[in-house]
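Read top to bottom, the protein sequences are chains A and B.
Going by this note's numbering, the first sequence opens with residue 3, and the numbers climb by one from there.
Going by this note's numbering, the second sequence opens with residue 304, and the numbers climb by one from there.
Idealized CB from N, CA, C, for every residue including glycine.
Beneath this line is the structure, given in structure tokens, with notes to follow.
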Amino acid sequence: MSVKIRNDKQGRKTTATIYGDLDHHTAKYIRSEIDRAIGEHNTKTLIIDFSNVTFMDSSGIGLVMGRYKLISELSGEVQIANPPPYIRKVIQLSGINKLCRIITLDCEDKPDDTEEKDTADKTIITKEQDHETENSQRA
Amino acid sequence: MKQKIVNELKMSFPSLSENERFSRLAVSGFLSQLNPRIDELSEIKTAVSEAVTNCIVHAYRNTTGLIFMQVRIFDTSKVYIKIRDKGCGITDIKKAMEPLFTTAPEEERAGLGFAVMESFMDRIKVRSASDKGTTVIMEKTLKTREGFV
């Protein structure tokens, strides 16, 4: 498990790409890394990239909800990028998708072995993109 | 129809958060003999992770105790999972099972553990007694095979 943080200073945008399993054990570390980046870069838009998450339970929802509260206080927004189909199920069960937009990201680290999964994602995301503004899509 | 147990796993491990991953991988490995679909296996792993995390975060809060896990495979492709602790117990099970209810908001718990278990498994039963512990029983019939022989 690890998290890679990228900052776009001009847009005050932070992208956190999570790798591996996201559970109660790993969430503590990921949370502290993301919060540090938010503090250091005065983040307005936080994108949490789930492309490389191999497992997630409700601890992941807690992580997103916590960052949503934090970023809302700074009048910013949290976006959820590229959740695999079964993580999308947990997200929809929680209703967090009503607070944080689900987006698609071009990711250079996207694994090559997820052809079927990617197709499923694209179908759903195409629908959502119809409702999205242009300013938040590409990293 | 009478069901027959064709295989069984019993294990116990301390309530360390490192064991969350181990427990779901153990269940996943054991169930691989049923050749489950990836989505079904993901759902079971998530439900197990929720139940085990509850033991660690709530049952044995500020302490470490044993978590007991039992997995049974039936000839009908039904999977039975029992996760038991000897921790503090749940005083109000109905309240604990309400979505978004949590007694650990400071740890950013979403209060969705039981909601996920209910949603991802066919059946869930919770028994608990104060200071004696909690038992969660979950069942799911896999759709991949008509029967396991």
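Check: Run the CB neighbour count on residue 420 of chain B, radius 10 Å, all protein chains shown included, and call it buried at 16 or more, exposed below.; Outcome: buried
Check: List, in order along the chain, the chain A residues whose C-beta lies closer than 9 Å to that of residue 335 of chain B?; Outcome: Under the 9 Å cutoff, chain A gives no residues; its nearest Cβ is about 16 Å from residue 335 of chain B.
Check: Among B:397, B:380, B:359, B:425, which residue has its Cα nearest to the Cα of residue 306 of chain B?; Outcome: B:380
Check: State yes or no: is the C-beta of residue 424 of chain B within less than 8 Å of the C-beta of residue 443 of chain B?; Outcome: yes
Check: State yes or no: is the beta carbon of residue 418 of chain B nearer than 8 Å to at least one beta carbon in chain A?; Outcome: yes
Check: Measuring only the C-alpha atoms, how far is residue 334 of chain B from residue 348 of chain B?; Outcome: 10 Å
Check: Between residue 21 of chain A and chain B, is any beta-carbon pair separated by less than 8 Å?; Outcome: no
Check: Looking at residue 309 of chain B: is its Cβ nearer than 8 Å to the Cβ of residue 376 of chain B?; Outcome: yes
Check: Pull the bridge partners of residue 459 of chain B from the DSSP assignment, please.; Outcome: Outside the displayed span of chain B (304 to 452) sits residue 459 of chain B, for which this structure offers no information.
Check: Against chain A, does residue 522 of chain B count as a neighbour if the rule is that its beta carbon must be under 8 Å from one of theirs?; Outcome: No answer is possible for residue 522 of chain B: the residues shown for chain B start at 304 and end at 452.
Check: In this structure, what does DSSP give as the bridge partners for residue 103 of chain A?; Outcome: A:81
Check: What does a CB cutoff of less than 6 Å around residue 49 of chain A pick up in its chain, not counting 5 residues either side in sequence?; Outcome: 17, 81, 83
Check: Just tell me which of B:405, B:365, B:325, B:366 has its CA closest to the CA of residue 314 of chain B.; Outcome: B:325
Check: Measure how close the beta-carbons of residue 24 of chain A and residue 58 of chain A come, nearest whole angstrom, since I'm counting them as under 8 Å.; Outcome: 4 Å
Check: How long is the line joining the alpha carbons of residue 99 of chain A and residue 67 of chain A, rounded to whole angstroms?; Outcome: 10 Å
Check: Under DSSP, the alpha helix (DSSP H) around residue 349 of chain B begins and ends at which residues?; Outcome: 341–357
Check: Under 8 Å by Cβ, that's how I've got residue 40 of chain A and residue 5 of chain A pegged, so tell me the actual separation to the nearest angstrom.; Outcome: Not a contact, Cβ separation roughly 13 Å.
Check: State the DSSP-derived secondary structure class of residue 314 of chain B, mapped to helix, strand or coil.; Outcome: strand
Check: Please name the residue, chosen from B:431, B:435, B:383, B:414, that lies closest to residue 353 of chain B on a Cα-to-Cα basis.; Outcome: B:414
Check: Over what stretch of residues does the alpha helix (DSSP H) that includes residue 94 of chain A continue unbroken?; Outcome: 87–96
Check: What does DSSP give as the partner residue(s) for residue 428 of chain B in the beta ladder?; Outcome: B:440
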